[in-house]
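Novice:
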DNA sequence: TATTGACCTTATACTTACTATAAGGTTTAC
DNA sequence: GTAAACCTTATAGTAAGTATAAGGTCAATA
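Protein chains in written order, with this note's numbering: chain A, 4 to 134; chain B, 4 to 134.
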């Protein structure tokens, strides 16, 4: 299977697939006589795994750990559980930060006249002295 | 005022301040005889503005626009309002994405035994064929 | 006075996770 | 036969800094 077909099947871009290979995230597939990459089921599955893990928000390095756990028949599910628990905490923190930003901006929005005059609570707030 | 004092007053790192200067986000301050940057009130205020705008989630380029609006006495508050409205929408989208991720991961977490066995719903999910 | 430590300066490389570009070789369809 | 659509590599760009190296300066102490 050629790289573009793998791209279609996994949902990854061909460039992303080459990139993952370049950083040794996935094994280098064998090559055809003309130099083209020839993927087998295993390579395709690894890439599909990566696609999903990335969509779940795992970083490349976390994906590296997940791939290793996947490949390890002696893994302990608690390791995976720990990794994911931490990720959920990260996401929660991130959500709280974004909500705080949104709240502040929304409060300022209602105070901004939204007209042709220069006065604007948002600009004033940003220009304020001190925190 | 020297750069480290400006850093303390604005909450920005001295390196970040130099970086902002290097990308022409802020004006270059005059120099002392020894080559040290010497900041005046105006420079300090610009940097304080930037600090807050960045904390509100605006990108460097958005900050560029906000700084220009701030400096422009003929600005129309509706321009600022538009920028901020869009930012709030971005934040909302982002929050929704994170919540979706969190939901999926949380659902998988309760299905993962969290013990010494290799079986794990999370790994299985990632390894699944098809979306 | 010498030296130590805390500053300041610049230039360059690293980070994350790709994406874009250039410059070229190959395959396929008409 | 040739043009489009692939494939290859190497290199540079993106965002927003952070880290490092290599050096100059300043203030306090021994």
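C-beta: ideal position from N, C-alpha, C; glycine also.
#1: In this structure, how does DSSP classify residue 79 of chain B when only helix, strand and coil are distinguished?
#2: Can you tell me where the alpha helix (DSSP H) holding residue 2 of chain B begins and where it ends?
#3: Per the DSSP calculation, residue 40 of chain B is bridged to which residue(s)?
#4: Determine whether the beta carbon atoms of residue 14 of chain B and residue 54 of chain B lie at a separation below 7 Å.
#5: In chain A, which residues lie with their C-beta within 7 Å of the C-beta of residue 117 of chain B?
#6: Which word fits residue 46 of chain B, buried or exposed, when buried means at least 16 other C-beta atoms lie within 10 angstroms of its C-beta?
#7: According to DSSP, is residue 61 of chain B part of a helix, a strand, or is it coil?
#8: Within 7 Å (strictly less), CB to CB, does residue 61 of chain A reach chain B?
#9: Assign residue 113 of chain A to one of three DSSP states: helix, strand, or coil.
#10: Beta-carbon separation of residue 105 of chain B and residue 94 of chain A under 7 Å?
#11: For the pair the region 7-27 of chain B and the region 71-82 of chain B, tell me if three or more CB-CB distances fall below 8 Å.
#12: Would you decide whether residue 26 of chain B is buried or exposed? Buried here means 16 or more other CB atoms lie within 10 Å of its CB.
#13: Is residue 97 of chain A closer than 7 Å to residue 101 of chain B when the C-beta atoms are compared?
#14: Give me the chain B residues within the contact set of residue 111 of chain A, using Cβ-Cβ distance strictly less than 8 Å, ordered along the chain.
#15: Give a yes or no on whether the C-beta atoms belonging to residue 1 of chain B and residue 129 of chain A are separated by under 7 Å.
Specialist: On the basis of the supplied data:
#1: By one-based count along the second chain, residue 79 of chain B stands at place 76. In this structure, residue 79 of chain B counts as coil in the three-state DSSP scheme.
#2: Absent from the structure is residue 2 of chain B, since the part of chain B shown begins at 4 and ends at 134.
#3: The sequence position of residue 40 of chain B within the second chain is 37, counting from 1. Bridge partners of residue 40 of chain B: B:34.
#4: Taking the second chain and counting its residues from 1, one reaches residue 14 of chain B at position 11. Taking the second chain and counting its residues from 1, one reaches residue 54 of chain B at position 51. Taking 7 Å as the Cβ cut-off, residue 14 of chain B and residue 54 of chain B qualify as a contacting pair.
#5: Working through the second chain from its first residue, we reach residue 117 of chain B at position 114. Here the neighbours are 80, 81 and 84.
#6: Against the second chain, residue 46 of chain B aligns to sequence position 43. Residue 46 of chain B comes out buried.
#7: Taking the first residue of the second chain as position 1, residue 61 of chain B is located at position 58. Coil, per DSSP.
#8: Indexing the first chain from 1 puts residue 61 of chain A at position 58. Taking Cβ atoms only, chain B never reaches closer than 7 Å to residue 61 of chain A, which makes this a no.
#9: Residue 113 of chain A sits at position 110 when you count from the first residue of the first chain. Helix at residue 113 of chain A.
#10: Your numbering for residue 105 of chain B matches position 102 in the second chain. Your numbering for residue 94 of chain A matches position 91 in the first chain. Their beta carbons are under 7 Å apart, which means residue 105 of chain B touches residue 94 of chain A by this criterion.
#11: no
#12: Looking up residue 26 of chain B in the second chain gives position 23. By the neighbour-count definition (other C-beta atoms within 10 Å, threshold 16), residue 26 of chain B is an exposed residue.
#13: As a working note, residue 101 of chain B is residue 98 in the second chain. As a working note, residue 97 of chain A is residue 94 in the first chain. Yes, they are a contact pair.
#14: Indexing the first chain from 1 puts residue 111 of chain A at position 108. Contact note: residue 111 of chain A reaches chain B through 87, using a C-beta cutoff of 8 Å and chain order.
#15: Residue numbering for chain B in the displayed model covers 4 to 134; residue 1 of chain B lies beyond these limits and cannot be assessed.
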